[in-house]
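Take a look at the structure set out below.
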Amino acid sequence: MGVSPELIGSVSFGGLRAYGLGYAVDPDTEGTIYLSLVGYRTAARGVWAALMDNRAIELSNQVLRRAEGTYLSKTVQLPESGLDHMVLLHHQAAIPHLEPGQSFYVLNDDDTPPIERFVAMLDRATAVPLLLAWGAELWKQGVKNKLIDPLADTRGVEGWRVSADSELWLALIEKGIRRGALMPSAKEAA
Numbered sequence: 043m044g045v046s047p048e049l050i051g052s053v054s055f056g057g058l059r060a061y062g063l064g065y066a067v068d069p070d071t072e073g074t075i076y077l078s079l080v081g082y083r084t085a086a087r088g089v090w091a092a093l094m095d096n097r098a099i100e101l102s103n104q105v106l107r108r109a110e111g112t113y114l115s116k117t118v119q120l121p122e123s124g125l126d127h128m129v130l131l132h133h134q135a136a137i138p139h140l141e142p143g144q145s146f147y148v149l150n151d152d153d154t155p156p157i158e159r160f161v162a163m164l165d166r167a168t169a170v171p172l173l174l175a176w177g178a179e180l181w182k183q184g185v186k187n188k189l190i191d192p193l194a195d196t197r198g199v200e201g202w203r204v205s206a207d208s209e210l211w212l213a214l215i216e217k218g219i220r221r222g223a224l225m226p227s228a229k230e231a232a
């Protein structure tokens, strides 16, 4: 079931108010991984600036704090209202900016695991040989073995934190190959 955009509450900073469409927070670090908001340009930028300045903001009874590391941001002006839609994304949730060897985040608009994105991100984050055909089984075993943890603090998006521990993933792959659960597809093996 998909997550449809809806206003989840307002966030204000310095008297300027924007409206949240979604967020994802890592429960262990309490860092904001994803934030989607809409409002007048000065309000959206004010919220962004507050978060980047390590000031906590509150949205729908959830305190949002800056996570360690950098963020990507994208702002689009909505044509009919003139409001800005701003999305902030932690770099460990963006394939091109992902740092190898660090836990990363996989986001999706519903609770279906985005297997192709997961495999691409795991490939970039670890020194483990991977085949796309292994994706669903690796996801299943990663959840079972606590290498993939769902982010409980989300609205408007689903998310998971994934370990980038190459040794643990390699052990999982070796075990899967021995059990016969991980086999190369004919196309990928060629």
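The number in the numbering used here is simply the position in the sequence shown, starting from 1, with 42 added.
Every residue gets a Cβ at the ideal spot worked out from N, C-alpha and C, and that includes glycine.
- Going by C-alpha positions, R108 is about 16 Å away from G62.
- DSSP, read as helix, strand or coil, puts G62 in strand.
- Taking the Cβ atoms as the reference, M128 lies roughly 24 Å from A194, outside the contact range of under 8 Å.
- DSSP lists G201 as the bridge partner or partners of L149.
- For L193, no alpha helix (DSSP H) run applies, since DSSP gives it neither H nor E.
- The DSSP-derived three-state label of L106 is strand.
- Rounded to the nearest whole angstrom, the CA to CA distance from G64 to Q104 is 11 Å.
- When Cβ pairs closer than 8 Å are counted between the two stretches, the stretch 87-101 is seen not to touch the stretch 144-157, the count staying below three.
- DSSP places M94 in the helix class (H, G or I) of the three-state scheme.
- Straight-line spacing of the CA atoms in S78 and Q144 works out to 24 Å.
- For L77, the enclosing beta strand (DSSP E) stretches over residues 73-81.
- Per the C-alpha coordinates, the member of L164, Y82, K116 positioned closest to P142 is L164.
- Beta-bridge analysis with DSSP links Q119 to D126.
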